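K.L.:
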Amino acid sequence: MTCKGAGGKKTKYMYYFCDNCNLYYNEAEIEDCLIDYILDLVEYDFHANKYFYPLLAEKKNNETKEIEKEIKKFKEQKERLMKVYVNGILHEEDFAKDYEFIEKKLAELENKKIDSLNFDE
């Protein structure tokens, strides 16, 4: 589209020329169409937030609860591993590998939990 101005000394009228369909459009007509389009987008956004945001928030809460359950499970497993090692049932090499694995999983889960909490912001 190309813009052209027309009018007398008091008021200027802006027109846009469409190169594809060879038609002139008044600036006011284009503004009216854009305002209607923007208002439709705002209304759609309002309805989308009203109906879909609670569903997404519920899903996020469920994921956070699952992550917390896994964290709790790995912490309990870590405590059991420590008890077994202290009692002398487990060798140091095996303990180190298992302990490192549990620590790695806990770090991953903590990062997931932080990422899911940052989703709200």
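Going by the numbering used here, the final residue of the sequence shown carries number 220, and the count climbs one at a time with no gaps.
All C-beta atoms, glycine included, are put in the ideal place defined by N, C-alpha and C.
As the structure is a computational prediction, the values presented were derived from the model and not from experiment.
#1: Going by the beta-carbon positions, is the gap between Tyr115 and Ile137 smaller than 9 Å?
#2: Is Asn160 helix, strand or coil by DSSP?
#3: Would Ile213 and Phe173 qualify as a contact pair, given that the criterion is a beta-carbon distance under 9 Å?
#4: How about Leu208 and Asp197: do their beta carbons lie closer than 9 Å?
#5: Can you say whether Ile134 is buried or exposed, counting buried as having 16 or more other CB atoms within 10 angstroms of its CB?
#6: How would you label Phe151, buried or exposed, when you count the other beta carbons within 10 angstroms and need 16 or more for buried?
#7: Could you check whether Lys177 and Leu205 sit closer than 9 Å to each other, using their CB atoms as the reference points?
P.N.:
With the structure as the only source:
#1: Numbered from its first residue, the sequence shown carries residue 115 at position 16. Numbered from its first residue, the sequence shown carries residue 137 at position 38. No, Cβ-Cβ distance for Tyr115 and Ile137 is not below 9 Å.
#2: Numbered from its first residue, the sequence shown carries residue 160 at position 61. Looking at Asn160 - three-state DSSP - the assignment turns out to be helix.
#3: What you label residue 213 is simply residue 114 of the sequence shown in a count that begins at 1. What you label residue 173 is simply residue 74 of the sequence shown in a count that begins at 1. Going by C-beta atoms, Ile213 is not nearer than 9 Å to Phe173.
#4: To locate residue 208, count along the sequence shown from 1; it is residue 109. To locate residue 197, count along the sequence shown from 1; it is residue 98. Using a Cβ distance threshold of 9 Å, Leu208 and Asp197 do not count as a contacting pair.
#5: What you label residue 134 is simply residue 35 of the sequence shown in a count that begins at 1. With a threshold of 16 other beta carbon atoms within 10 Å, Ile134 falls short and is exposed.
#6: For the purposes of this step, residue 151 is taken as the residue at position 52 of the sequence shown. By the 10 Å Cβ count, Phe151 comes out exposed.
#7: Reading the sequence shown from its first residue, position 106 is the one you call residue 205. Reading the sequence shown from its first residue, position 78 is the one you call residue 177. In this structure, Lys177 lies closer than 9 Å to Leu205 by Cβ.
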